[in-house]
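Data block below; observations after.
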Amino acid sequence: MPKPHAKLASALEALKGLQEGGLQAIPGPKLSRADREVLLRAGFLKEVIRGWYIPRRPDEADGDTTSWYARMREFIADYATQRFGDRWHVNPDQSVLLRSGEQTVPKQIQIWATKGTNQTVQLPNGCSLFIYKAVKLLPSAPTPDCGRLRLVELPAALVAASPTLFVQNPIAAQIALGSLPDASDLLRILLDGPHPSVAGRLAGGFRAIGRAPLADEIVGAMRSAGHGVNEVNPFDKPPPTFPPGGRPESPYVRRLRLMWAQMRETVIAAFPQAPAAPKDIDALLEDVEARYVTDAYHSLSIEGYRVTATLIEKIRDGNWNPDGDEKDRATRDAMAARGYFETHNLVKRDLVRVIRGESAGTVFRNTLPAWYQALFGPSVQAGILKASDLAGYRNDQVFIRGALHVPVSKEAVRECMPVLFDLLETETEPQVRAVLGHFLFVYIHPYMDGNGRLARFLMNLMLVPAGHVWTVIPVERRNEYMEALEQASSFSNIAPFAHFVAELAGQQAKAPLPRPQ
Numbered sequence: 007m008p009k010p011h012a013k014l015a016s017a018l019e020a021l022k023g024l025q026e027g028g029l030q031a032i033p034g035p036k037l038s039r040a041d042r043e044v045l046l047r048a049g050f051l052k053e054v055i056r057g058w059y060i061p062r063r064p065d066e067a068d069g070d071t072t073s074w075y076a077r078m079r080e081f082i083a084d085y086a087t088q089r090f091g092d093r094w095h096v097n098p099d100q101s102v103l104l105r106s107g108e109q110t111v112p113k114q115i116q117i118w119a120t121k122g123t124n125q126t127v128q129l130p131n132g133c134s135l136f137i138y139k140a141v142k143l144l145p146s147a148p149t150p151d152c153g154r155l156r157l158v159e160l161p162a163a164l165v166a167a168s169p170t171l172f173v174q175n176p177i178a179a180q181i182a183l184g185s186l187p188d189a190s191d192l193l194r195i196l197l198d199g200p201h202p203s204v205a206g207r208l209a210g211g212f213r214a215i216g217r218a219p220l221a222d223e224i225v226g227a228m229r230s231a232g233h234g235v236n237e238v239n240p241f242d243k244p245p246p247t248f249p250p251g252g253r254p255e256s257p258y259v260r261r262l263r264l265m266w267a268q269m270r271e272t273v274i275a276a277f278p279q280a281p282a283a284p285k286d287i288d289a290l291l292e293d294v295e296a297r298y299v300t301d302a303y304h305s306l307s308i309e310g311y312r313v314t315a316t317l318i319e320k321i322r323d324g325n326w327n328p329d330g331d332e333k334d335r336a337t338r339d340a341m342a343a344r345g346y347f348e349t350h351n352l353v354k355r356d357l358v359r360v361i362r363g364e365s366a367g368t369v370f371r372n373t374l375p376a377w378y379q380a381l382f383g384p385s386v387q388a389g390i391l392k393a394s395d396l397a398g399y400r401n402d403q404v405f406i407r408g409a410l411h412v413p414v415s416k417e418a419v420r421e422c423m424p425v426l427f428d429l430l431e432t433e434t435e436p437q438v439r440a441v442l443g444h445f446l447f448v449y450i451h452p453y454m455d456g457n458g459r460l461a462r463f464l465m466n467l468m469l470v471p472a473g474h475v476w477t478v479i480p481v482e483r484r485n486e487y488m489e490a491l492e493q494a495s496s497f498s499n500i501a502p503f504a505h506f507v508a509e510l511a512g513q514q515a516k517a518p519l520p521r522p523q
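If you read the sequence shown in my numbering, its first letter stands for residue 7, the second for the next number, and so on.
The following block contains the structure:
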């Protein structure tokens, strides 16, 4: 009789084979009953709906949403494909949304299928799948960037989308209209329909985003074919404009630019007028240094490190001895604290450069690699991380625990980071650079680890030279902090985060946070 560990090893081999075949939604019959039961008991498999499973980590805590949000799109794509073959696709509105670079997982994904039953399939964590019985499908294709979901081709999706798309998801609608090279594909669908009311809406949308020639072309073609067109602007607010010229940009890059343009006025309104820029650099650095232990304690604690004021002081005073003290060499928390100390020193140097007149955005562009290397250098030297981990931007997908938002792909990181630097360099308001810089840095999530700490350093690089104090985000308010970032990432609502940072900056200007004991 096989031993328990041999049964588990055999079951894992079967699961590995299914995953290597590309399956994330695993129907029960794909595994033997014995393998399925072993994997469920060991925590390597999780039932999503009756008879359908996803792989999971055995150390995943009950209630943890990360593995589900990480696999939700792939699960739905596999589930729908195994039920309907290629006779299904995501509905037009959500197709436009996902093709626009939206990274937030919708709580309900709606698909059309010719053999659909107008049913709602309940999924984990309050999510669901609605399967609409469609008489006719639209042109579509699996999209790797969206978990292989079948998305409707953009021209067809725009014609079939509801008018509410432009009100509820204006950034997605603007990116979609801005992504089309010309009106030809749209016009073929509009003229064959015919779709005069849709033509009027799309023409109005093009004109609102500054593409008047395409609007004129649509209206002219429809009227030449004998169709009356009443052009209407489908947006309820004037959409922000892209800067003219430049090379073609991906939806992810366009989304960053539009989010910045859309959010900056909210950030400005949340902050009082910036104090006077500091003139006494020595006094400023003395104040920053006085807040260091408190800052390091809270920033590291937010990330789950167990650090104390004693450990932080030991490292700052030079009493950290990784060569002679086995405890110092092996302690993950000590490595994190040492890396924070080294990075903090670089940030102080960069504050002086900005105060003396260098562009804060350019300084950040040039110094970010050094910050990252300093943050994790001690962990590499101690053997906790590989030297190659210091190479630069991440080379894999990451997921944020408990968040609907999924950071952009590793390829998109390399497109988005130069744009973030550009936005920081051209922005005139320091509080906008601080709040949106922090938010978009963690939104992109350029590294496998350290994004939160680096974003908080970035925030203070922008705040302090403008006269604000070095602002610490308390670990006691971590949930509020993370929820504010989630509101910005998943719902384009920057107000909670802007008010959160402004409140902390104001409070700590009057009295620093108490030093941890």
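For every residue, glycine included, the Cβ atom is placed at its ideal position computed from N, Cα and C.
None of these values were measured; they are calculated from a predicted model.
Could you name the residues of the same chain whose beta carbon sits closer than 6 Å to that of Ser256, not counting the 5 residues immediately before and after it, in chain order?
Glu421
Span separating the alpha-carbon of Thr110 from that of Gly122
25 Å
Measure how close the beta-carbons of Asp99 and Leu171 come, nearest whole angstrom, since I'm counting them as under 8 Å.
The C-beta distance from Asp99 to Leu171 rounds to 5 Å, short enough to fall under 8 Å.
Distance between Asp395 and Gly57 (C-alpha atoms, nearest Å):
Near 40 Å, if we compare the C-alpha coordinates of Asp395 and Gly57.
Out of Ala440, Phe463, Asn97, Pro452, state which residue places its alpha-carbon closest to the alpha-carbon of Leu143.
Asn97
Once you ignore the five residues that flank Ala494 on each side, which residues in its own chain have a CB closer than 8 Å to its CB?
Met269, Phe445, Tyr449, Ile500, Pro502, Phe503
Quick check: the Cα distance between Tyr138 and Val127, rounded to an integer number of angstroms?
11 Å
Runs of alpha helix (DSSP H) lying entirely within the segment 354 to 407, each at least 4 residues, in chain order:
366 to 387
Would you mind stating whether Arg521 and Thr300 have Cβ atoms separated by less than 7 Å?
yes
What's the call for Asp288, buried or exposed, on a 16-neighbour Cβ count within 10 Å?
exposed
Status (buried if at least 16 other CB within 10 Å, exposed otherwise) for Gly234
exposed
Environment of Ala205 [buried if 16+ CB atoms lie within 10 Å]:
buried
Which two residues bound the contiguous beta strand (DSSP E) that contains Phe136?
For Phe136, the enclosing beta strand (DSSP E) starts and ends at 134 to 139.
For the structure I just gave you, are there three or more beta carbon pairs, one from the segment 451 to 464 and one from the segment 279 to 287, closer than 8 Å?
no
Selected residue, minimal CA-CA separation from Asn175, among Val358, Glu348, Ser498, Ala76:
Ser498
On the DSSP letters alone, give me the boundaries of the beta strand (DSSP E) that Glu271 sits inside.
Premise fails: Glu271 lies in the alpha helix (DSSP H), 257 to 276, not in any beta strand (DSSP E).
Would a C-beta distance cut-off of 7 Å place Ala209 and Val225 closer than the cut-off?
In contact: Ala209 and Val225 (Cβ atoms closer than 7 Å).
From which residue to which residue does the alpha helix (DSSP H) around Leu193 run?
Per DSSP, Leu193 belongs to the alpha helix (DSSP H) from 190 to 198.
Can you tell me whether Asp84 is buried or exposed, with buried defined as 16 or more other CB within 10 angstroms of its CB?
buried
Can Leu51 and Lys36 be called in contact, C-beta distance under 7 Å?
No.
Sort out for me which residues DSSP pairs Glu309 with in a bridge.
Its beta-bridge partners do not exist; DSSP assigns none.
Cα-Cα separation between Ala162 and Asn131, rounded to whole angstroms:
32 Å
Going by beta carbon distance, what residues of the same chain come within less than 6 Å of Leu196, once the five residues before and after it are set aside?
Ala205
Going by other Cβ atoms of all chains shown within 10 Å of its Cβ, with 16 needed for buried, is Gly251 buried or exposed?
Residue placement at Gly251 cannot be trusted, given a pLDDT of 45 that sits under 50; the coordinates are not used to answer.
By DSSP, does Gln128 sit in helix, in strand, or in coil?
strand
Three-pair Cβ contact test at 8 Å for the segment 365 to 372 versus the segment 413 to 420:
no
Counting pairs of Cβ atoms below 8 Å between the segment 151 to 158 and the segment 70 to 88, do you hit three or more?
yes
Quick one: residues in its chain with C-beta nearer than 7 Å to the C-beta of Pro61, no 5 flanking neighbours on either side, listed in chain order?
Leu21, Gln25, Phe50, Leu51
My output table needs one value for His411: the three-state DSSP class, helix, strand or coil.
strand
Do Pro33 and Ala48 have their C-beta atoms within less than 7 Å of each other?
no
May I have a chain-ordered list of the beta strand (DSSP E) segments no shorter than 3 residues that lie completely inside the segment 46 to 78?
For the segment 46 to 78, the continuous beta strand (DSSP E) assignments of 3+ residues that do not extend past its boundaries occur at 51 to 55, 58 to 61, in sequence order.
Can you tell me which of Cys133, Ser203, Leu510 puts its alpha carbon nearest to the alpha carbon of His474?
Ranked by how close their Cα comes to the Cα of His474, the residues Cys133, Ser203, Leu510 have Leu510 in first place.
Can you give me the start and stop residues for the beta strand (DSSP E) that His95 sits inside?
Membership of His95 in the beta strand (DSSP E) is indicated by the continuous run 94 to 96.
Under the three-state DSSP convention, the category Leu103 falls into:
helix
Classify Ala119 as helix, strand or coil using the three-state DSSP reduction.
strand
Locate the alpha helix (DSSP H) running through Val448, then write down its first and last residues.
From DSSP, the alpha helix (DSSP H) with Val448 extends over 436 to 450.
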